[in-house]
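Below: the structure, in structure tokens.
In my numbering, the protein residues as written are 1000 to 1130.
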């Protein structure tokens, strides 16, 4: 799943920054906000999954949405694992907020970079858990 994310999410975020509608942006922003406000792990992971799927929809590429839905369950499991494994939720939230801001400001290069940073952080969490 993480390799899929590396292949798809940076470019999907860049496209979302260019193509997103105001309604799609509201959905992305709401999911990001709900992640930060979540009181429980299940609430946070559901909002996290909604955030990433909303970005795929906002990319405007009709092939990405079914792919996202196809791996939705795997994303849920990954996000539960990563959230449970890290004590650095403020950092993870800040990384998601950087993605949201870049898409909102319609800055595709910044969105791509922000996603690369988030994925690198997730890679680090996965790597630490294997040691």
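Glycine included, every Cβ here is placed at the ideal spot set by N, Cα and C.
Asked, Found
"List the endpoints of the continuous alpha helix (DSSP H) containing residue 1027.", "1021 to 1036"
"Report the CB separation of residue 1112 from residue 1082 in whole angstroms; it is logged as a contact under 8 Å.", "Contact flag wrong, Cβ pair sits at about 23 Å."
"Could you tell me the alpha carbon to alpha carbon distance between residue 1035 and residue 1110, rounded to whole angstroms?", "19 Å"
"Within the same chain, show all residues whose beta-carbon is closer than 8 Å to that of residue 1102, passing over the 5 residues directly before and after it, in chain order.", "1012, 1015, 1016, 1019, 1024, 1027, 1054, 1057 and 1110"
"Identify which residue in 1128, 1129, 1007 and 1127 has its Cα closest to the Cα of residue 1066.", "1007"
"Tell me where the alpha helix (DSSP H) around residue 1006 begins and ends.", "1001 to 1018"
"Could you tell me the distance, in whole angstroms, from the CA atom of residue 1039 to the CA atom of residue 1079?", "11 Å"
"Decide if residue 1069 is buried, meaning its Cβ has at least 16 other Cβ atoms within 10 Å, or exposed.", "exposed"
"Report yes if the C-beta distance between residue 1009 and residue 1115 is below 8 Å; otherwise report no.", "yes"
"Considering only residues of the same chain and omitting the five flanking positions on each side of residue 1049, which have a CB-CB separation below 6 Å?", "1030"
"Going by CA-CA distance only, name the one from 1104, 1099, 1095 and 1100 that's closest to residue 1120.", "1095"
"Output the distance between the C-alpha atoms of residue 1126 and residue 1117, rounded to the nearest integer angstrom.", "14 Å"
"When you compare each of 1033, 1107 and 1059 to residue 1092 by their alpha carbons, which one comes out closest?", "1033"
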